[in-house]
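So the protein sequences, as listed, match chains F and L. Note that numbering that gives the first Met the number 0 numbers the first sequence so that position 284 is 283, with each residue one more than the last. Note that numbering that gives the first Met the number 0 numbers the second sequence so that position 40 is 39, with each residue one more than the last. Written below as structure tokens is the structure these notes are about.
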Amino acid sequence: MKNKYSIFSLVKNAFSYHENWQKAWKDPTIKKEYDAVIIGGGGHGLATAYYLAKKHNMKNIAVVEKGWIGGGNTGRNTTIIRSNYLWDASAGLYDHALKLWEGLSQEINYNVMFSQRGVMNLAHNLQDVRDLKRRTHANRLNGIDAVYLSTEEVKKFCPIINTSQDIRYPVLGGTLQRRAGTARHDAVAWGYARGADEMGVDIIQNCEVKGIKRNGDEVEGIETTKGFIKTKKIGVVAAGHSSVLANMAGLKLPLESKPLQALVSEPVKPIIDTVVMSNAVHAYVSQSDKGELVIGAGTDDYISYSQKGSHDIVEGTLNAILELYPIFSRMRMLRQWGGIVDICPDASPIISKTTIKGLYFNCGWGTGGFKATPGSGDLFAHTIANNEPHKLNAAFNLNRFISGDLVDEHGAAAVAH
Amino acid sequence: MFLITCPFCGEREQSEFKAGGEAHIERPKQPTELSDGEWAEYLFMRKNIKGIQFERWNHAHGCRKWFNIVRDTSNDKIKAVYKMGEKPPVK
Numbered sequence: 000m001k002n003k004y005s006i007f008s009l010v011k012n013a014f015s016y017h018e019n020w021q022k023a024w025k026d027p028t029i030k031k032e033y034d035a036v037i038i039g040g041g042g043h044g045l046a047t048a049y050y051l052a053k054k055h056n057m058k059n060i061a062v063v064e065k066g067w068i069g070g071g072n073t074g075r076n077t078t079i080i081r082s083n084y085l086w087d088a089s090a091g092l093y094d095h096a097l098k099l100w101e102g103l104s105q106e107i108n109y110n111v112m113f114s115q116r117g118v119m120n121l122a123h124n125l126q127d128v129r130d131l132k133r134r135t136h137a138n139r140l141n142g143i144d145a146v147y148l149s150t151e152e153v154k155k156f157c158p159i160i161n162t163s164q165d166i167r168y169p170v171l172g173g174t175l176q177r178r179a180g181t182a183r184h185d186a187v188a189w190g191y192a193r194g195a196d197e198m199g200v201d202i203i204q205n206c207e208v209k210g211i212k213r214n215g216d217e218v219e220g221i222e223t224t225k226g227f228i229k230t231k232k233i234g235v236v237a238a239g240h241s242s243v244l245a246n247m248a249g250l251k252l253p254l255e256s257k258p259l260q261a262l263v264s265e266p267v268k269p270i271i272d273t274v275v276m277s278n279a280v281h282a283y284v285s286q287s288d289k290g291e292l293v294i295g296a297g298t299d300d301y302i303s304y305s306q307k308g309s310h311d312i313v314e315g316t317l318n319a320i321l322e323l324y325p326i327f328s329r330m331r332m333l334r335q336w337g338g339i340v341d342i343c344p345d346a347s348p349i350i351s352k353t354t355i356k357g358l359y360f361n362c363g364w365g366t367g368g369f370k371a372t373p374g375s376g377d378l379f380a381h382t383i384a385n386n387e388p389h390k391l392n393a394a395f396n397l398n399r400f401i402s403g404d405l406v407d408e409h410g411a412a413a414v415a416h
Numbered sequence: 000m001f002l003i004t005c006p007f008c009g010e011r012e013q014s015e016f017k018a019g020g021e022a023h024i025e026r027p028k029q030p031t032e033l034s035d036g037e038w039a040e041y042l043f044m045r046k047n048i049k050g051i052q053f054e055r056w057n058h059a060h061g062c063r064k065w066f067n068i069v070r071d072t073s074n075d076k077i078k079a080v081y082k083m084g085e086k087p088p089v090k
């Protein structure tokens with residue numbers, strides 16, 4: 000039984016200099032067989048395990064992770080959470096996630112520092128204005144809060160934006176989703192890991208999957224660097240490496256893995272209390288609780304697993320940032336990094352069964368998976384437990400690339416690709 | 000970031016080029032005969048290899064010609080460059 004985190008446990012542990020906190024998750028001995036194995040110990044994978052144990056009573060399960068939990072894209076993203084997507088299917092999916100975020104800290108007794116500071120999307124040309132207005136209407140019809148702002152209202156909401164009409168791509172307006180915001184990315188992985196561990200889930204770190212064993216049309220288990228693990232159900236949540244795992248099972252996916260970069264500045268006093276995103280010039284920025292500006296850059300256009308991006312991509316983003324926020328011109332950047340994102344042709348994810356019995360994929364989140372973490376885990380758990388999708392992820396099946404029933408979200412995905 | 004040797008212009012920065020994705024995906028000879036599954040295979044399904052990959056590149060900010068590259072996608076090291084229509088080098 001886990002001790003509950005509270006102000007009292009904090010005070011109590013202060014007396015022992017915080018040296019006697021209970022371990023948040025154990026270092027388990029690997030069993031020979033599990034009812035289900037989740038490949039990938041990021042936020043999505045750990046959330047999947049958590050909801051499998053909690054809602055579907057599957058306790059004999061394992062999460063295998065080749066590095067350490069939350070060390071992939073969960074620890075590399077810009078922590079933005081929003082649900083203002085265009086199509087009904089996406090609205091259902093992302094708003095389901097947003098609603099789970101709203102109660103998440105309480106539910107898992109772990110402060111994920113969810114902050115509904117609002118996300119603003121800027122328009123820089125007439126087509127942007129039309130698209131964003133259309134998206135605002137679509138959002139409201141789907142019960143998602145969204146308002147369209149004039150240039151003056153943008154300036155009022157975030158005064159440091161340069162709204163001069165003389166710049167190369169002037170701000171013509173924008174949208175605002177007030178329920179949107181940010182969360183602490185590591186805390187999400189750690190909180191779900193702690194919750195899953197408490198219900199008996201084995202979290203196996205430093206364990207790389209080397210092969211997926213099949214018996215005809217069904218899965219039998221996985222070969223790992225720590226030996227063979229038998230299981231009848233495998234849920235793959237491996238982000239950039241999804242295609243690598245699919246190849247092990249003899250499957251091909253409609254994915255391309257590309258580097259996506261982000262960077263943070265030196266910490267400064269609070270200057271921007273919301274998240275501002277701008278598709279057309281490709282700049283988005285928010286400020287972390289430590290005071291760093293968190294800046295998202297774009298993807299490179301070539302396939303790469305190197306976790307490094309090109310310098311010109313960062314340069315382009317910073318050019319745009321400086322034109323929109325001249326006040327940042329003397330700031331120094333502290334760190335820059337890349338993550339490998341798996342991009343789908345329609346910029347929507349895949350949460351689906353496959354043609355192989357017992358093999359499920361949750362992938363294709365591309366440049367914007369963090370926001371969906373709780374919803375993705377919940378719906379993927381449902382799909383694995385029932386061998387059928389939930390109605391909220393039915394549209395995000397693999398078969399849509401054959402039927403042509405794509406969910407084109409290129410406009411609402413923040414990073415152009 | 001890496002350098003690419005264009006077979007027409009020589010060594011240039013990668014930012015001068017546009018990636019064209021997986022090479023040697025043949026356009027269907029009889030499009031009318033194709034099933035939905037075969038179309039999906041041609042249009043969407045990709046090997047997305049981690050390791051040695053054959054791919055197309057275009058020197059977009061140079062001679063604007065297309066050519067092929069063999070590149071290790073795990074570290075971005077280029078193994079070979081060859082022109083369109085030429086036989087791909089064997090690994």
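Here a beta-carbon is modelled for each residue, glycine too, at the ideal position from N, C-alpha and C.
Let me check one thing: in DSSP terms, what residues is residue i bridge-paired to?
i: F:Pro-258; result: F:Ile-339
i: F:Val-146; result: F:Leu-175
i: L:Met-83; result: Answer by DSSP bridge pairing: none, since L:Met-83 is not bridged.
i: F:Asp-299; result: Answer is none; F:Asp-299 lacks a bridge partner.
i: L:Cys-5; result: L:Gly-9
i: F:Leu-323; result: Beta-bridge pairing links F:Leu-323 to no other residue.
i: F:Leu-405; result: BP columns for F:Leu-405 are empty, so no partner.
i: F:Asp-201; result: F:Ala-61
i: F:Val-470; result: Given that chain F is displayed from residue 0 to residue 416, the structure contains no residue 470 of chain F and the question cannot be resolved.
Is the separation between the beta-carbon of residue i and that of residue j shorter than 8 Å?
i: F:Ala-186; j: F:Ser-114; result: no
i: F:Ile-38; j: F:Val-200; result: no
i: F:Ile-202; j: F:Trp-67; result: no
i: F:Tyr-304; j: F:Ser-256; result: yes
i: F:Val-170; j: F:Ile-159; result: no
i: L:Phe-66; j: L:Lys-82; result: yes
i: F:Gly-210; j: F:Met-247; result: yes
i: F:Gly-408; j: F:Asp-345; result: According to the sequence provided, residue 408 of chain F is Glu. The question's Gly does not apply to it. Result yes, Cβ atoms of F:Glu-408 and F:Asp-345 sit closer than 8 Å.
i: F:Arg-134; j: F:Leu-85; result: yes
i: F:Phe-369; j: F:His-95; result: no
i: F:Ile-228; j: F:Ile-29; result: yes
i: F:Leu-262; j: F:Ala-296; result: yes
i: L:Asn-47; j: F:Leu-254; result: yes
i: L:Glu-40; j: L:Ala-18; result: no
i: L:Phe-7; j: L:Lys-64; result: yes
i: F:Gly-365; j: F:Ala-411; result: no
i: F:Leu-378; j: F:His-389; result: yes
Just the C-alpha distance for residue i and residue j, rounded to the nearest angstrom, thanks.
i: L:Asn-74; j: L:Asn-57; result: 20 Å
i: F:Ile-401; j: F:Pro-258; result: 27 Å
i: F:Cys-362; j: F:Leu-250; result: 14 Å
i: L:His-60; j: L:Ala-79; result: 21 Å
i: F:Gly-70; j: F:Leu-45; result: 12 Å
i: F:Asn-108; j: F:Lys-1; result: 10 Å
i: F:Gln-260; j: F:Thr-316; result: 10 Å
i: F:Thr-92; j: F:Glu-101; result: According to the sequence provided, residue 92 of chain F is Leu. The question's Thr does not apply to it. Each residue's alpha carbon lies about 15 Å from the other.
i: F:Gly-367; j: F:Cys-343; result: 12 Å
i: F:Glu-314; j: F:Val-280; result: 12 Å
i: F:Ala-393; j: F:Phe-360; result: 13 Å
i: F:Asp-216; j: F:Val-63; result: 23 Å
i: F:Lys-307; j: L:Thr-72; result: 11 Å
i: F:Asn-120; j: F:Ile-143; result: 15 Å
i: F:Ile-6; j: F:Phe-156; result: 34 Å
i: F:Thr-230; j: F:His-55; result: 17 Å
i: F:Leu-405; j: F:Lys-268; result: 44 Å
i: F:Lys-352; j: F:Asp-26; result: 30 Å
i: F:Lys-132; j: F:Gly-74; result: 33 Å
i: F:Thr-224; j: F:Lys-232; result: 19 Å
i: F:Asn-205; j: F:Gly-40; result: 10 Å
Output needed in chain order: residues of the region 66-87 of chain L with a Cβ under 7 Å from some Cβ in chain F.
In summary, the residues of the region 66-87 of chain L whose CB is separated from some CB of chain F by less than 7 Å are Thr-72, Ser-73, Asn-74 and Asp-75, in the order they occur in the chain.
Spell out a yes or no on whether the region 134-151 of chain F and the region 326-344 of chain F are touching, meaning 3 or more CB-CB pairs, one atom from each, closer than 8 Å.
no
Under 9 Å, CB to CB, which of the residues in the region 39-70 of chain L have a partner in chain F?
Ala-39, Glu-40, Leu-42, Phe-43, Met-44, Arg-45, Lys-46, Asn-47, Ile-48, Lys-49, Gly-50, Gln-52, Glu-54, Trp-56 and Arg-70
Assess contact between the region 6-15 of chain L and the region 34-48 of chain L, defined as three or more Cβ pairs (one per stretch) separated by less than 8 Å. Is contact present?
Touching, no, given that fewer than three Cβ pairs across the two stretches are closer than 8 Å.
Three or more C-beta pairs below 8 Å linking the region 74-86 of chain F and the region 263-283 of chain F:
yes
Is the region 189-197 of chain F close to the region 126-136 of chain F, with three or more CB pairs under 8 Å?
Using a C-beta cut-off of 8 Å, the region 189-197 of chain F makes no contact with the region 126-136 of chain F, since fewer than three inter-stretch Cβ pairs fall below that distance.
Got a sec: which bits of the region 279-304 of chain F sit with their beta carbon under 7 Å from any beta carbon on chain L, in order along the chain?
Asp-300, Tyr-301, Ile-302, Ser-303 and Tyr-304
Sufficient close CB pairs (3 or more, under 8 Å) joining the region 237-244 of chain F to the region 279-296 of chain F
no
Which residues of the region 246-258 of chain F have a Cβ closer than 8 Å to any Cβ of chain L? Give them in chain order.
Asn-246, Lys-251, Leu-252, Pro-253, Leu-254, Glu-255 and Ser-256
Could you please tell me which residues of the region 356-369 of chain F, in chain order, have their CB closer than 9 Å to any CB of chain L?
none
Interface residues of the region 9-25 of chain F facing chain L [CB-CB below 7 Å]:
none
Report the residues of the region 385-402 of chain F with a CB closer than 8 Å to any CB of chain L, ordered along the chain.
Phe-400, Ile-401 and Ser-402
Chain-ordered residues of the region 203-237 of chain F with a beta carbon less than 8 Å from chain L:
none
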